[in-house]
Amino acid sequence: MAGGRSVLTEVTSDSDELISTRAAGGRRRLGRGALVWPPLLFVAAILLAPVAFIVLFSVGLRSNIPGTEVAFSLDNWKSFLFGEENPFRSRFLYSMQVALIVSVVATIAAYPLAYFLSFVAKRRKYTLLLLLLAPFFTSYLLRVLAWQIMLNDEGVVTEAARTLGLVGDTETISWLIYSTFSVSLVLFYSWVPFVALPIFAVLENMDHRLIEAAGDLGASKWSTFWRVTFPLSIPGVIAGFVFVLIPTTGEFIAPLLVGGTDNQLFGNSIQSFFSTSPNWNYGSVLAMTLIVVVVVLMLLFGRFLNTDLRSTSGRSGQ
Amino acid sequence: MTGSLYTPDSAVNRRRFLGGAALVGGATLLGGCGSPEAEDNSSDAGDSRPPIEEESGELSILEWGGYEAAGTKAQSYGLVAGTDYTKDYGGDDISYTYINNDEQALQKATSDNAFDLMHPCSDTLPQYVERGLLQPFDPELLASYGDLNPYLLEATQIDGKQYMIPWDWGFSSLLYRSDMVDAADATGWELAWNEKYADKISLWSGASSNFQLTGLMLGFDDIYNPTDEQIQEAKAKLIEQKPLNKFYWDSEYGQMRPAFRSGTIWITYSWQAAYASFADKGMSVEYMNPSQGRLAWVCGFVLGANTENYYHAHDYVESFINKEASENLVNLYYYGAANTAIDINKIDNQTLVDSLQLDDPQAIASDDVHLARHMPNLSAIELAWQEVVAS
Chain B
0 MAGGRSVLTE VTSDSDELIS TRAAGGRRRL GRGALVWPPL LFVAAILLAP VAFIVLFSVG
60 LRSNIPGTEV AFSLDNWKSF LFGEENPFRS RFLYSMQVAL IVSVVATIAA YPLAYFLSFV
120 AKRRKYTLLL LLLAPFFTSY LLRVLAWQIM LNDEGVVTEA ARTLGLVGDT ETISWLIYST
180 FSVSLVLFYS WVPFVALPIF AVLENMDHRL IEAAGDLGAS KWSTFWRVTF PLSIPGVIAG
240 FVFVLIPTTG EFIAPLLVGG TDNQLFGNSI QSFFSTSPNW NYGSVLAMTL IVVVVVLMLL
300 FGRFLNTDLR STSGRSGQ
Chain W
0 MTGSLYTPDS AVNRRRFLGG AALVGGATLL GGCGSPEAED NSSDAGDSRP PIEEESGELS
60 ILEWGGYEAA GTKAQSYGLV AGTDYTKDYG GDDISYTYIN NDEQALQKAT SDNAFDLMHP
120 CSDTLPQYVE RGLLQPFDPE LLASYGDLNP YLLEATQIDG KQYMIPWDWG FSSLLYRSDM
180 VDAADATGWE LAWNEKYADK ISLWSGASSN FQLTGLMLGF DDIYNPTDEQ IQEAKAKLIE
240 QKPLNKFYWD SEYGQMRPAF RSGTIWITYS WQAAYASFAD KGMSVEYMNP SQGRLAWVCG
300 FVLGANTENY YHAHDYVESF INKEASENLV NLYYYGAANT AIDINKIDNQ TLVDSLQLDD
360 PQAIASDDVH LARHMPNLSA IELAWQEVVA S
């Protein structure tokens, strides 16, 4: 009910603004258009043009090697999509699996964090939020290297395990580093705050009177959370989930530094094809695949996110 | 082409975390050590070339980070190289464009084609020449040319012309912990395939070097030009080796050295600098001399085809290859220097002298040293390597 009112209020408000804008005359419309087009064209140029080039490379119409004859060919696509036991396809599936697991776990872990900041921390919430984000004012590379130092066979974790007698003095914990675990852990650490932010934002903008109303009507805290708070925060949860999932699908730094030979992700293959083992044509096939995946994810989640977040914002505006 | 070259991708990461080169200067010297080929090596444009006084002296150089000339603002690693040049001409007119690997270097050189000097390794030299990016040096303009190792000079010539002036070189082999690895196991490249040391091995992620060392182990006739069948054979062998690795290292200083130092790995593909450094710190390490032979590499300066600073560029190179700068190169970066006139007594690290056999200029030319050369089918090898990594 409240949500319905908020949407009506928002629509009415938007309509008023639209009428007002029209009344302002053509000069104002022209001014807005003139402001929008330059950045739009700029974004189109820097975003779409490189993608167009990648498409051309992927079908053999361009080459990074001067003097190479170019001709349309789908051989690389066929190799990747249908080649028998193609290792890059396997790597892609493995990477998607890792990205999905990290995203789900990071979202689950971030929720209590966001909830604590929004409902428990009270006046200190922004101070704590700043502390949460503090490590992210340093380079991502340095943070991954720090994990490498902590997790290696002589690192603090192994040393602590030795001190506690969990492992022998000369033993190591084989899965601690250069493993799927270490890659996932670093990615989890890297993205948890970014998942917490949209959830925190939604919880902050939530109409807290609904929670009070649920209590007045006899709902327990547990019931209030699951039937009021959580459903209303779903847009933030999905936003956070997507915030992790999309960048993680193309990740290559963490697996490079803390992953073993079997834990490299799809992004590492793409990075190698464009740098140390250059084959831009094949690399473009892999890159295009990733772009398509990201676009599909955006289409899947984008509309849902926009609608729900807006309605949430409307509720808060009442 | 008389020369064949070396290993390119060894230089890629080898340089990533290194620093400093320098300019030495002013050796616009004629005579000295001219070679019999000096006349031939001169550019056709020689007569019409403006004298040095009419050159701008604004040098644009494609370089690895850390090799900037002494006397320039960019230099911060303590290389003496370049000092002579910047004393004569100053360092403000030198600009550097940086590279991270050989392929990137070739790409930048090709797209710009405007560099006065570049610093690739010899295995990519034929590609630079094929693309018309270079002109040969005039050895008569380099006072120290006669001191350079004749074997490396020949290896960096194409059609008898000195397209590259060799400066730094070194070996590639397996470095291992002598207190952890049985000496009887450390006789050849097959050590990397020894299951006894599973999870304690780390090969470098360089495609060509891995196929070369595998080719050596499998006994290929020409490890630089394997057939398609041999590429597949080597690929299968590398896939077999993959589970024994802790990881493929990409960065010497960021990954390999810390892991080796901590004991995470005991056996690793390495250049001699790491060996000298670890041995110097008292670690129990050995740098293997495999029964099939070591790999080796050489890098140097090449002269842009369109340079308008022909004489300045020669002076710049001379300031790097002279005796003092070369001794400093060895002491600072643990590389071999192409200049054979260096005083061995001025090399601080005797482990390095021994491992590089710096007192024997013929060591690099030995039959059991495989100096990297251009690999004509590199694209197929790189794709095969990517398949190994992704498998």
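From first to last, the protein sequence lines are chains B and W. Read in numbering that gives the first Met the number 0, the first sequence has 60 at position 61, and its numbers run on one by one without any break. Read in numbering that gives the first Met the number 0, the second sequence has 181 at position 182, and its numbers run on one by one without any break. Using N, Cα and C, we set each Cβ at its ideal position, and we do this for glycine too.
For residue i: DSSP bridge partner residues
i	result
W/Ser407	There is simply no residue 407 of chain W to check, as chain W begins at 0 and stops at 390 in what is shown.
W/Asp167	W/Cys298 and W/Ala336
W/Met117	W/Leu61 and W/Val301
W/Ser201	W/Thr267
W/Gln156	W/Gln161
W/Ser94	W/Ser59
W/Arg464	Residue coverage of chain W in this structure runs from 0 to 390, which leaves residue 464 of chain W outside it and unanswerable.
W/Gln106	Paired residues: none, contrary to the question.
W/Leu147	W/Asn338
W/Glu285	W/Tyr175
W/Leu133	W/Gly303
Classification of residue i by the beta-carbon crowding that lies within 10 angstroms, buried from 16 upward
i	result
W/Ser110	exposed
W/Ala20	With a pLDDT of 31 at W/Ala20, under the threshold of 50, the predicted position of this residue should be treated as unreliable, and no value is reported.
B/Gly59	buried
B/Thr228	buried
B/Ala22	Because the pLDDT of B/Ala22 is 49, which lies under 50, any placement of that residue in the model is unreliable, and the number read from its coordinates should be weighed accordingly. Looking at its Cβ environment, which holds fewer than 16 other Cβ atoms inside 10 Å, B/Ala22 is exposed.
B/Pro192	buried
W/Leu190	buried
W/Thr226	exposed
W/Met163	buried
B/Ser183	buried
W/Asp405	This structure leaves residue 405 of chain W out entirely; chain W is present only between 0 and 390.
B/Thr67	exposed
W/Gln361	exposed
B/Tyr125	exposed
B/Thr137	exposed
W/Met179	exposed
B/Asp152	buried
B/Tyr139	exposed
W/Lys234	buried
B/Thr223	buried
W/Arg372	buried
W/Tyr310	buried
W/Gln231	exposed
W/Ile93	buried
W/Val387	buried
B/Val295	exposed
W/Glu251	buried
B/Pro254	buried
W/Glu67	buried
W/Trp296	buried
Contacts that residue i makes with chain A (C-beta to C-beta distance below 8 Å)
i	result
W/Asn100	Any reference to chain A falls outside this structure, whose protein chains are B and W.
I'd like the ranges of any beta strand (DSSP E) spanning at least 3 consecutive residues and lying wholly in the stretch 323-387 of chain W. Fully enclosed beta strand (DSSP E) runs of 3 or longer: 368-370.
Would you call the stretch 273-285 of chain B and the stretch 117-136 of chain B in contact, with 3 or more CB pairs under 8 Å? No: fewer than three Cβ pairs fall under 8 Å.
Taking a cut of 8 Å between CB atoms, which residues from the stretch 62-85 of chain W lie near chain B? Within the stretch 62-85 of chain W, contact with chain B at the beta-carbon level (separation under 8 Å) is assigned to no residue.
Near-chain B residues of the stretch 217-249 of chain W (beta-carbon distance less than 8 Å), N- to C-terminal order: Residues Lys241, Pro242, Asn244, Lys245, Phe246, Tyr247 and Asp249.
For the stretch 236-243 of chain W against the stretch 163-183 of chain B, are there 3 or more C-beta pairs whose distance is under 8 Å? The stretch 236-243 of chain W is not in contact with the stretch 163-183 of chain B.
Could you name each continuous alpha helix (DSSP H) segment of 4 residues or more that falls completely within the stretch 128-202 of chain B, going from the start of the chain to the end? Qualifying alpha helix (DSSP H) stretches, in chain order: 139-150 and 155-162.
Interface positions of the stretch 264-287 of chain B facing chain W (Cβ-Cβ less than 8 Å), listed along the chain: Taking 8 Å as the upper bound on Cβ-Cβ separation, chain W lies near residues Asn267, Ser268, Ser271, Phe272, Ser274, Thr275, Ser276, Pro277, Asn278 and Tyr281 of the stretch 264-287 of chain B.
When Cβ atoms are compared, which residues of the stretch 246-263 of chain B fall closer than 9 Å to chain W? Within the stretch 246-263 of chain B, the residues whose Cβ lies closer than 9 Å to some Cβ of chain W are Leu255, Leu256, Val257, Gly258, Gly259, Thr260, Asp261, Asn262 and Gln263, listed in chain order.
If we require 4 or more residues per run, which alpha helix (DSSP H) segments fall completely within the stretch 219-305 of chain B? Segments of the alpha helix (DSSP H) lying fully in the stretch 219-305 of chain B: 220-223, 229-248, 252-257 and 265-273.
Mind checking the stretch 190-203 of chain W against chain B and listing, in chain order, the residues whose C-beta falls within less than 8 Å of any C-beta there? Residues of the stretch 190-203 of chain W that bring their beta carbon within less than 8 Å of a beta carbon in chain B comprise Asp198, in sequence order.
Inter-stretch contact (C-beta, 8 Å, three-pair minimum) for the stretch 154-163 of chain B and the stretch 66-83 of chain B: Contact between the stretch 154-163 of chain B and the stretch 66-83 of chain B is absent, because fewer than three Cβ pairs lie under 8 Å.
Enumerate, from N- to C-terminal direction, the unbroken alpha helix (DSSP H) stretches of 4 or more residues contained entirely within the stretch 204-272 of chain W. As for any alpha helix (DSSP H) of minimum length 4 sitting wholly inside the stretch 204-272 of chain W, the runs are 206-217, 227-240 and 256-261, ordered along the chain.
Please identify, using Cβ separations under 8 Å, the residues of the stretch 77-106 of chain B that lie next to chain W, in order along the chain. Residues passing the 8 Å Cβ filter: Pro86, Phe87, Ser89 and Arg90.
Counting only Cβ-Cβ distances shorter than 8 Å, please list the residues of the stretch 124-153 of chain B near chain W, keeping chain order. Correct list: Leu144, Gln147, Ile148, Asn151, Asp152 and Glu153.
When Cβ atoms are compared, which residues of the stretch 170-194 of chain B fall closer than 9 Å to chain W? So the list reads Thr171, Ser173, Ile176 and Tyr177, given in the order they occur along the chain.
Would you list, in chain order, the members of the stretch 370-388 of chain W that have their beta-carbon closer than 7 Å to a beta-carbon of chain B? Flagged, chain order: Ser378, Glu381, Leu382, Trp384, Gln385, Glu386 and Val388.
Counting only Cβ-Cβ distances shorter than 8 Å, please list the residues of the stretch 101-113 of chain W near chain B, keeping chain order. When C-beta distances to chain B are compared with 8 Å, the residues of the stretch 101-113 of chain W below that value are Glu102, Gln103, Gln106 and Thr109, in chain order.
Cβ-based contacts, 9 Å cut-off: residues of the stretch 54-73 of chain B near chain W: Within the stretch 54-73 of chain B, those residues whose Cβ lies closer than 9 Å to any Cβ of chain W are, in chain order, Asn63, Ile64, Pro65 and Gly66.
In the stretch 27-80 of chain B, which residue ranges form an unbroken alpha helix (DSSP H) of at least 4 residues, counting only runs that do not cross its ends? Counting whole runs of 4 or more residues, the stretch 27-80 of chain B contains the alpha helix (DSSP H) stretches 48-57.
Interfacial residues, the stretch 267-292 of chain W to chain B, with Cβ spacing under 7 Å: Those would be none; no residue qualifies.
Near-chain B residues of the stretch 333-360 of chain W (beta-carbon distance less than 8 Å), N- to C-terminal order: The stretch 333-360 of chain W vs chain B, Cβ under 8 Å: nothing.
The stretch 158-187 of chain W: positions lying closer than 7 Å to chain B by Cβ: Flagged: no residues at all.
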